[in-house]
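In our numbering, each residue's number is its place in the sequence shown (first place is 1) plus 64.
Single-structure report; data block below.
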Amino acid sequence: ASPAWSPDGKWIAYSSLQNGSFKIYIMKANGKDGRQLTFGTGNDEEPTWSPDSRFIAFNSTRGGKKSIFIISLDGSRVRKLKGTGSADMSPAWSPSLK
């Protein structure tokens with residue numbers, strides 16, 4: 065669910081329910097080379113591409129409440145954004161990548 069095309073048109077990100085929780089996956093626009101991008105506990109949903117197609121923002125229930133995280137396209141860097149302290153969801157990027 066929640067498919068999102070990368071701005072460069074090369075990738076599709078989506079969340080899928082696997083083993084009882086949602087995770088973020090990516091695949092090439094031609095439907096090939098699909099792979100899981102997020103792992104661990106909690107549900108990861110609502111993938112949203114950065115304007116330069118290098119990062120994906122998503123909401124996650126890691127830690128018990130919804131927060132927004134950013135992950136690099138290769139999955140090597142994941143970081144939690146400072147939120148409001150309540151449920152944070154529906155991430156969006158500004159054109160300046162902020």
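Note that CB positions come from ideal geometry on N, CA and C, so glycine has one too.
None of these values were measured; they are calculated from a predicted model.
Coil, strand or helix - R118 by DSSP:
As a working mapping, residue 118 is identified with position 54 in the sequence shown. Looking at R118 - three-state DSSP - the assignment turns out to be coil, as it is neither helix nor strand.
Where does R99 sit, in a helix, a strand or coil, going by DSSP?
As a first step, residue 99 must be located in the sequence shown, where it is residue number 35. DSSP places R99 in strand when its eight states are reduced to three.
Between the Cα of A93 and the Cα atoms of E109, P71, K87, which residue gives the shortest distance?
Taking the sequence shown and counting its residues from 1, one reaches residue 93 at position 29. Checked all of E109, P71, K87; the closest Cα to A93 is P71.
Rounded separation between G98 and G104 - CA only:
If you number the sequence shown from 1, residue 98 lands on position 34. If you number the sequence shown from 1, residue 104 lands on position 40. Roughly 18 Å between the two C-alpha positions.
Check for me: the beta strand (DSSP E) holding L81 runs from which residue to which?
Reading the sequence shown from its first residue, position 17 is the one you call residue 81. Element bounds for L81: 75-82.
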